Amino acid sequence: MTVIRIPPVLRATVGGAKQVDVVASTVGEALTALVERHPSLRDQLMTTDGALNRFVNVYLDGQDIRYLQELATPVAEHDSIIVLPAMAGG
Amino acid sequence: MPRTYAELLRAAREAVPEISPAEADLLRESSADVTIVDVREDSEWEQGHLPGALHISRSYVEQDIEAAVPDRDRPVVLYCAGGVRSLFAGQTLQTLGYTNVRSLAGGFQAWKSSGHAWTMPAVLSHEQKQRYSRHLLMPEVGAEGQAKLLAARVLLIGAGGLGSPAALYLAAAGVGTIGIVDFDIVDLSNLQRQVIHTTDRIGTKKVDSARLAIAALNPEVNVVAHEEMLTGENVERIIAGYDVILDGTDTFETRYTLNDAAVAAGIPVVHASVYRFEGQLTVFQPFEGPCYRCLYPTPPPPELAPGCSVAGVLGVVPGIMGMLQTNEVLKLILGIGDSLAGRLLLFDALDASFTELRLRRDPACPACSDAAVKARRAGRPLAVVAAGAVGPVGVGAVGADVPFVLQVRS
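As given, the protein sequences belong to chains A and B, one line each in that order.
Those letters in the first sequence? Residues 576 to 665, per our numbering, in order.
Those letters in the second sequence? Residues 8 to 417, per our numbering, in order.
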């Protein structure tokens, strides 16, 4: 199981869950599994052609996937994915 | 068998080798592996000392030398005013097992009269010594560090949830000039977290309310009020001359505007943002670490990024994040510790947990990449913030070769 941590701003969309467990071999598969389970997340995370929205950062075990292999970055069991949109509040 | 002063001095001179000012200066210039210790009294030190010298009064030598010079084989040059007290201090060090101790012949007087460089130390007033005594006790701060704080200029963007605790602790720490950018007035709903303001100041300008609180806490702090909204037109003028900027604003537009100007001016920005029970914190150190656009190339649509006035926030969360920002600001001024540049710290109040993420510079960043610097110098910045550019309207990649741009100047 790979754990996807859901940011507070998206939790209402996933029924309040702080994290969602998925089975996946890449970050892209993990996010696809997430949005299949919670379809209303799709527009918030992804563009119409399935790429990540530019305002969402995804980290695999603390590293930005933009500097790994993006959505093709392999995930191992027990890896932790953090989905992190910018927040503005101050 | 009692001995005379002359006999004691002769014995000390035989035991401790002397070094001439010229030799000592050469040693100081050519090697970092020497510690110069001034053993005079505080009042003498304050009149000037050798560059880079440590100050340990002779009466504290036994107590303090081991912490200052842990390696007993390290070369140590001691000096006093005329070269006598440093000989006796040298004997003390030898008794403690120091193997390479020399005394500056003729002391500071001979040093000065032979034309070698010397510097004036930071001198604090009696009241400052009391007020900042807990800083002065720590060698990482000390009088030199406190002098840096007193000379520092810090700009707060916003005197709100993040800016309130920051302003109070910066003032308490003795940061000499605190600039505050805020055009808002104090509202009853602010007081749940904006602790620099008070109930009896509801309706007054936030910059005036903050100024009153700071003056009550530390009257020697100079408060510069910038009672205006930070925009692309005024940002360059407002941030000029500040050493560090603390970003406590609550809109994306202001954060991008600030980022682009701070990168261009080379001023570090200590960034934090909050949402309900969580916060994010990092340091944007221009060209050494990533900038805000490297982290977030474009802002989210408004429905994905509500501010505190829409989503709510646990009051203590901006308090904690504002204090962590202040910690970063103080470290930057003092030049101590490891800054959060290149690291994003996430705080979750409900879990009471911190998570650290690695950040990198985006080689295609429209604000801080080499190409962006060239374009800005040529008067054609790649990235500009268009008014109202916080939602999907007006946001997007424009042109294949300039990705991640909010708007491209036409």
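Just so it is clear, CB atoms sit at the ideal spot from N, CA and C, and this is done for glycine as well.
Owing to the predicted nature of the structure, the values given are computational and were not obtained by experimental measurement.
Please classify residue 660/A: does DSSP put it in a helix, a strand, or coil? strand
Can you list, in chain order, the residues of the stretch 171 to 187 of chain B whose Cβ is nearer than 9 Å to any Cβ on chain A? none
Please confirm if residue 637/A has its CB atom under 9 Å from at least one CB of chain B. yes
Taking the alpha-carbon of residue 17/B as reference, which of 36/B, 90/B and 44/B has the nearest alpha-carbon? 90/B
Does the CB of residue 597/A have a neighbour CB from chain B at under 9 Å? no
Taking all protein chains shown into account, do 16 or more other C-beta atoms lie within 10 angstroms of the C-beta of residue 125/B, making it buried, or fewer, making it exposed? exposed
Does any C-beta atom of chain B lie closer than 9 Å to the C-beta of residue 606/A? no
Length of the line joining the Cα atoms of residue 256/B and residue 315/B: 11 Å
Please check the pair residue 366/B and residue 379/B, which I expect to be a contact at CB under 8 Å, by giving their CB distance rounded to whole angstroms. Residue 366/B to residue 379/B, Cβ: 17 Å. No contact.
Contact between the stretch 87 to 104 of chain B and the stretch 17 to 30 of chain B: three or more CB pairs below 8 Å? yes
Within 9 Å (strictly less), CB to CB, does residue 621/A reach chain B? no
Give me the Cα-Cα distance between residue 319/B and residue 288/B, rounded to the nearest whole angstrom. 19 Å
The stretch 157 to 173 of chain B in contact with the stretch 245 to 256 of chain B per 3-pair CB rule at 8 Å: yes
State the start and end residues of the unbroken beta strand (DSSP E) segment that holds residue 327/B. That residue, residue 327/B, is in no beta strand (DSSP E); its alpha helix (DSSP H) goes 323 to 341.
Can you say whether residue 36/B is buried or exposed, counting buried as having 16 or more other CB atoms within 10 angstroms of its CB? exposed
Residue 265/B burial status per 10 Å Cβ neighbour count (16 or more: buried): buried
According to a CB-to-CB cut-off of less than 9 Å, which residues of the stretch 356 to 372 of chain B neighbour chain A? 357, 358, 362, 363, 364, 365, 366, 367 and 369
Hey, would you say residue 279/B sits closer than 9 Å to residue 328/B, going by beta carbons? yes
Check whether the Cβ atoms of residue 55/B and residue 43/B sit closer than 9 Å, and answer yes or no. no
DSSP three-state call for residue 626/A: helix, strand or coil? coil
Whole alpha helix (DSSP H) elements within the stretch 189 to 259 of chain B, 4-residue minimum: 213 to 224 and 242 to 246
How is residue 363/B classed by DSSP in three states: helix, strand or coil? strand
Output yes if chain B places a C-beta closer than 9 Å to the C-beta of residue 590/A; else output no. no
Are there three or more Cβ pairs, one per stretch, closer than 8 Å when the stretch 175 to 194 of chain B is compared with the stretch 225 to 242 of chain B? yes
Own chain residues within Cβ distance below 6 Å of residue 326/B, not counting five before or after: 172
Please decide whether residue 661/A counts as near chain B, where near means a Cβ-Cβ distance under 9 Å. yes
According to DSSP, residues forming a beta bridge with residue 279/B: 288/B
Output needed for residue 46/B: all residues of its chain with C-beta closer than 8 Å, excluding positions within five of it in sequence on either side, in chain order. 63, 64, 65, 68, 85, 86, 87, 92, 93 and 96
Could you tell me which of 139/B, 155/B, 232/B and 136/B sits nearest to residue 165/B, measuring between CA atoms? 232/B
Measuring only between beta-carbons, confirm whether residue 35/B sits less than 9 Å from chain A. no
Considering only residues of the same chain and omitting the five flanking positions on each side of residue 190/B, which have a CB-CB separation below 7 Å? 234, 235 and 236
What residue range is occupied by the uninterrupted alpha helix (DSSP H) comprising residue 354/B? No alpha helix (DSSP H) contains residue 354/B, which is instead part of the beta strand (DSSP E) from 350 to 355.
Would you check if the distance between the CB atom of residue 176/B and the CB atom of residue 333/B is smaller than 9 Å? yes
Backbone CA spacing between residue 613/A and residue 592/A [nearest angstrom]: 11 Å
Cutoff 6 Å; reference residue 71/B; Cβ partners in own chain excluding five residues on either side: 63
In chain order, which continuous runs of the beta strand (DSSP E) of length 3 or greater are located wholly inside the stretch 581 to 609 of chain A? 594 to 597
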